[in-house]
Structure formats: structure tokens, C-alpha cells
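First the structure, in the form of C-alpha cells, and then the observations on it.
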Amino acid sequence: MSRKVVLFYPPYEGDPLGAPLCLLALAAKLREKNFEPVIIDAAIEPAYKKAVCEALDGALCLGISVLTGPMIRGAIEVAKAAKALYPKLPVIFGGWHPTLLPDETLAEPYVDIVVRGQGEITLCELAEAFAAKSPLKEIAGISWKTGVMRTHNPDRRVEPLEDLPVAAFDMVDFDAYEQAGHIRKLAYATSIGCPYACNYCTDMVFYKRRFNALSAERVVRELTDLVTRYRIEEVALLDSNFPVDLKRAMAIAKGIYDSGVKFRWTFQASTDFICRMSEDDIRLLGASGVSYMGFGTESTSDTVLKLMNKRHQRVDEMYETARRAAIGGIRVTFNLIFGYPGETEADRQITFRTMSDIARKYSNVRFSPNIFTPYPGIPIWPQLRELGVEEPTSLQAWGNLALGVNMLPWLQDTNLDRFNRMLQYFLLNGQLARKKPARQANVLGRLVQQVIDNPVQWRIQRNQYAFPWELWLSQFSERIVKRRSLITGKELPTEAVNVC
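Numbering (this note's numbering) for the sequence shown: 11 to 510.
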């Protein structure tokens, strides 16, 4: 009997980070149990629906990994096609979104089972059950249905990452990903989870503030081997907060440096952990290949930070993080959230002024501003409902919720217009701060910068944005970048998926 399991990763906006690590991890455990995983990633397979349907011939099941947002659209498209061809084939949804909203996901006619949380062992047990035609009632960590009746089995105990096998990187067509993303890149995770409890973050809900990490020795051994074997240029760490264990983080950096294997690597962190490092630690990060760090700074208003439950976040540490990163020759992006419930225009102005000052002091800093997007399961949904925010009630509706989609009743019409004007000036100021007129090749660009630089700073300091002649003039020489990936720092398209 066939033991084939088909795994699908739906399309998302922007260049691929690399092969989907979540599916590679599932595939490794499936192979350990003598199953035959087949991975289809829409990032490198344009005809993904056809490819999935062809692969399903003789398969035990179809597994689809889903993040909240536009990825859901491709997941629905493929799930419906699979059901049309093979009505009795089990279709399994897993990943962040189904875990956070299992009942709502299971309500769809094309979804039979939801895998909640960590899926490696759960999926193997499901595949064994399908092969043996045995019941699902004893499999922990799943939600399933028979007809209209939905059953939510008990949660599965979280396995230490150290006890799981190495992801199936040998299944990856690295040439195809290089062609799609224009760089030979690897997505890798040394840990999952973050100890903080920010009120807007799904990470806290998904991982329940538990930090689950690989040993430094295993990380160094695997990364140096993978980089050498597959000629990798850059490794994007998907960790929620890489340096939570500072001793471990520095052991990884030292191990990579001592190995002599050269590659760039990037990670996300919180500024408090960077500020606990010494300047020599930062230099070691840079020397080991760290080229970029992303930070969820969100706001510089103490009032807003308290509303977000970001009591670990301090403004002086944002300055210090930028300074220290510069010492190591490391680029950084500060993510910003605007429109958070309770935030005033005065709070926004504090953030614009502070971040503009940081941009003027440190040329290695970029910004990624976003309007607050409420994702599934976050702690403040009761408050949001009272404030008139309409929560999506179906899988399809959540698929229309991209990062930056404005669903906030208090940030509309003239309020939104004024915010957008403030934001444009802030972003323009940041780009002007990084450019030296004498170094600009374009004569018009040099002239425009000289004319508008001081007026732009004046407007931000005094909160005056009427008659925006500087924005009109800047259109001849500046293309304002509005959003960047916190994982790589690269520019993102207008509609982007949230991966952190």
C-alpha cells in the first residue's frame, strides 16, 4: 500500500525566504517512520494546483500549512481542487492560523482535520491511522469532524526541538529557490517561542511564552554543514527572539566564526537582549556573518508601550541597539505599529520624532511602519470588539487580512489622511538621512535633497504637514519604501504576509 503524504505550502507575496522549513521538518519525521513525503511549494511551482492534484494519486492525505492572511487563499484553492478530485481523501490544515482558530477552520467543507501546534509527531500518527484505517480519537493535538460533529482531542505535549530530526533539506531544489529569490538562501530555526507577553502578538498565544531551542553545538554543526554542502550565501533565522538565551546565542556566533565557514545570517530580536551584550559580543556577531537584525520596537511612547504590555521595551535601548549594531557593521530594521487602541496623535508624534532622531544619528537603521492588524487569538480582542472592530468569521475572510490592512474604526477618513501624511514625511526623512548629497550620482537628486532636507525635519519636529510641497518635489528623485521584512530587512510589497 502507498505511504505517500503530500505536503503543500501556499503562495505568498515577495521573494521566497527559502524552502518552507515547517514542511521540511514534517517530511523528516515522516521519512523516519517510513512514509514518502512529497513537498510542493507554490514559491517555485507556478502550476501548484496541477502539481498537487497530480501528486495526490495514491496518497494517504494532503497536508497544508497556513499562516493568517493571503496564504489562506491558495490553501482554499488547492483544498477545494483536492476534494473535487478525491472526495474521501483526508485534507489536513496545520500551522499558525488553524491552531489559533481550529473550530472555525474545521467548519469549512474542504477541511477534515486540523493539526494544532507542533505537528511532526501528530502528522505521523495521522498517517499511520490512515494507512491502518484506524480511528482518530486517541491522537493528541488534532481537531477533526465526522459529518457536522467536530471533536477537539486533547493538546499534545510539546517536544523539545533537540529530540526532533534534522529537517529534510536534502529534498530541496536549491537551484529553483535561487532562481526565484535571486540568492542562494536557507531558512532555518534555532528556537521557537519568546518569553514576553505582548498583547498584539500571536507568538505568545501559539507558543505560550515557552522558549524551545536547539543546542548551540547542534546549530553550528548543522548550519556549517548545510552552508558548505549546498553553497548557501545567506541563512535567515526564523526564531521569534534569537538571543533569549544570551550564552547560547554567543556560543552559536563563536562556533560559526571558529568554523571558518563564511556566510551571512540574519535574525529577529528584542532590543533589551542586544543591550545585555558587550560591544565585543556585537563585534563577534558581525565577524561571524550577522548582516542584519530585525526588532519589534513598535512605539516610543511610554503610554502605548504599556498598553501593548511591552514593559521590557525602553527607548534608550533603541538608541543603544542602533549604536551597537553599527559597531558590528550590522543593518537593523525597527518595526513600528500605529493605530494601536488607545494611541493618540501625540503618541504617534513622539514615535515619529524619536525614530527620526535615531535615523539621523545611525545610518544603519531602517523602519517598517504598519497600521495595527489584529490577528487571531490575541489577548485584546474583547477590547477591540467593544471598540467596533469587526472580527473575520470565516477562513475566506481571514484570507483577505494582509499585514497593514486597516480595519480600525478610529483611523479612518481625515484621521487616516493625516496619519498617512505624517508617515510619508517620516519615511522620507529616514531616506534623506542615509544619503549624502555629494555621493548621489543623480544631479537632480542632489539638488532635491538639499532643498527639502531641513524643511522635512522642521515639519516632523513641529507636527506641521499642510501643503506638502516637499513630498511633491521628492517624487522626482525618491521612491519611498514603506515596509520591510523583519527577517531579512528586504523591501516587501504592499500586500505582505506576517511571518514573525
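In this text, a Cβ means the ideal position worked out from N, Cα and C, and glycines have one as well.
Asked	Found
Within the segment 126-184, ranges of the alpha helix (DSSP H) (whole runs, at least 4 residues)	130-142
Rounded C-alpha distance that separates Ile-54 from Pro-20	11 Å
Lys-147 classed as buried or exposed, judged by whether at least 16 other C-beta atoms fall within 10 angstroms	exposed
9 Å Cβ cutoff met for Ile-49 and Leu-34	yes
Reference Ala-37; option with closest CA among Glu-23, Asp-25, Leu-17	Leu-17
Among Asn-209, Ser-484, Lys-264, Arg-341, nearest to Trp-391 - alpha-carbon criterion	Asn-209
Complete beta strand (DSSP E) runs within the segment 280-360 (minimum length 3 residues, chain order)	300-308, 341-348
Cβ neighbour criterion (16 or more within 10 Å) applied to Leu-256	exposed
Buried or exposed (CB count within 10 angstroms, at least 16 for buried), Thr-156	exposed
Option nearest Gly-440 by Cα separation, candidates Val-458, Leu-413, Arg-376, Val-88	Arg-376
Assigned secondary structure, Tyr-19 (DSSP; H/G/I helix, E/B strand, else coil)	strand
Alpha carbon of Glu-330 to alpha carbon of Ser-311, nearest angstrom	17 Å
For Cys-211, three-class secondary structure by DSSP	coil
Stretch pair the segment 363-376 + the segment 399-414: three plus CB contacts closer than 8 Å	no
Assigned secondary structure, Gln-422 (DSSP; H/G/I helix, E/B strand, else coil)	coil
As assigned by DSSP and simplified to three states, the class of Ile-82	helix
Separation of Arg-334 from Met-365, as counted between CA atoms	16 Å
When Ala-197, Pro-379, Ala-190 are compared against Leu-346, the one with the closest alpha-carbon	Pro-379
Three-state secondary structure (DSSP) of Asn-508	Per-residue confidence for Asn-508 stands at a pLDDT of 34, beneath the threshold of 50, marking its modelled position as unreliable; the derived number appears in the next sentence. Reduced to three states, the DSSP call for Asn-508 is coil.
Leu-116 to Asp-367 span [Cα, whole Å]	48 Å
Pick from Gln-471, Leu-224, Glu-480 that is closest to Val-461, judged by C-alpha positions	Glu-480
Where Leu-413 falls: helix, strand or coil (DSSP)	strand
Alpha-carbon spacing of Pro-419 relative to Thr-361, whole angstroms	21 Å
Minimum C-alpha distance to Ala-177 - residue among Leu-224, Pro-164, Lys-143	Leu-224
Residue of Gly-299, Arg-363, Ala-150, Leu-295 minimising C-alpha distance to Pro-253	Leu-295
Burial state of Met-159, where buried means 16 or more other Cβ atoms lie within 10 Å	exposed
Extent of the continuous beta strand (DSSP E) run through Leu-70	Neither: Leu-70 is in no beta strand (DSSP E) and is coded neither H nor E.
Gly-398 burial status per 10 Å Cβ neighbour count (16 or more: buried)	exposed
Assigned secondary structure, Lys-500 (DSSP; H/G/I helix, E/B strand, else coil)	coil
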